[in-house]
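The sequence shown maps to residues -19 to -1, 1 to 210 in mature numbering (1 follows the signal peptide of the UniProt record, and there is no 0).
The beta carbon of each residue, even a glycine, is placed where N, CA and C say it ideally should be.
Presented below is the structure to which this report refers.
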Amino acid sequence: MKKLLIVVLGWLIVMTACKKNSDSAIPVTASSFMFFNGVRDVVYDIWLDTTLIMKNVAFGQSTPYREMRAQLYTIRVVDHNRPKDTIRVGQINLRNKRIFSTYVGFDSANTRLVAMAVEDDLTPAPPENMKLRIVNLSWAFRPNGQSATVDLFSRTTPIFRGMGSPQFTNFAILPGDSTYPFNFRRNDDTTVVPNQFPFKAETGKIYTVVLTGNAMTSTLFKTFTITNN
């Protein structure tokens, strides 16, 4: 009996060790997620499924990157003006070892929220350079009321052309440690320069500039800069 007990105990120890090795062999998949609030006068709490990402994200603010298990999530926000209502923004598939961000804005023409999910390429910029992209949540109209796309110039040099809304660009590689005289123009009439701002860039940094509001006025147009690294 004692001999049988020793054999059974040894078998249990072996099985436990095998289970531990098996568990450690299961790959842990992870991704990173960030959220930007481009809706004026609204403060959100951000959720992925049942995980609270961040509370009190105001207009023009973004969350830090949050590491999550790589899988499909439903993005929900809670408006502080209507705390009992949960708004379903959409779904995002966070893929393994990838980095993603979601940008939410307001479509004034159709009076509804718009959202974009973007993969963030945070590979380093070449030496002495920086990386820049635009996320356009703004709107622009021609004098006849038709919608128009927007161009970004550095003084008179075009950087991005024909940006619609909502839309995002790829990253452009530009010299770092520079101050760029950025200005935004309607694509069909580049002689009109309603908005301009100096953009100071550092070498090695990765930037996302978010456009919100009416790109054809200086009072309703706002830009926000996110440093992604």
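- Secondary structure of residue 29 (DSSP, three-state): strand.
- Counting the other CB atoms within 10 Å of its CB gives residue 33 a total below 16, which places it among the exposed residues.
- Contact annotation: the stretch 76 to 94 touches the stretch 15 to 24, with at least three C-beta pairs closer than 8 Å.
- Under the three-state reduction of DSSP, residue 205 is assigned to strand.
- Distances from the CA of residue 117 to each of 58, 178, 205, 183 were compared; the closest alpha carbon is that of 205.
- Exposure of residue 93 is indicated by the presence of fewer than 16 other C-beta atoms within 10 angstroms of its C-beta.
- Taking a C-beta distance under 8 Å as the contact criterion, residue 13 and residue 77 do not qualify as a contact pair.
- Separation of residue 170 and residue 99 (C-alpha to C-alpha, rounded to the nearest whole angstrom) is 29 Å.
- The Cβ-Cβ distance between residue 55 and residue 42 does not fall below 8 Å.
- Annotation note: the stretch 38 to 64 contains no uninterrupted alpha helix (DSSP H) run of length 4 or greater.
- Secondary structure at residue 191: strand, using DSSP grouped into helix, strand and coil.
- Residue 184 and residue 111 do touch by the CB rule: their CB atoms are close to 6 Å apart, below 8 Å.
- Put simply, the backbone Cα of residue 39 is about 7 Å away from that of residue 25.
- By the 16-neighbour rule on beta-carbons within 10 angstroms, residue 53 is exposed.
- Judged by beta-carbon spacing, residue 106 lies within the 8 Å limit of residue 187, meaning their Cβ atoms are closer than that value.
- Residue 152 and residue 113 do touch by the CB rule: their CB atoms are close to 7 Å apart, below 8 Å.
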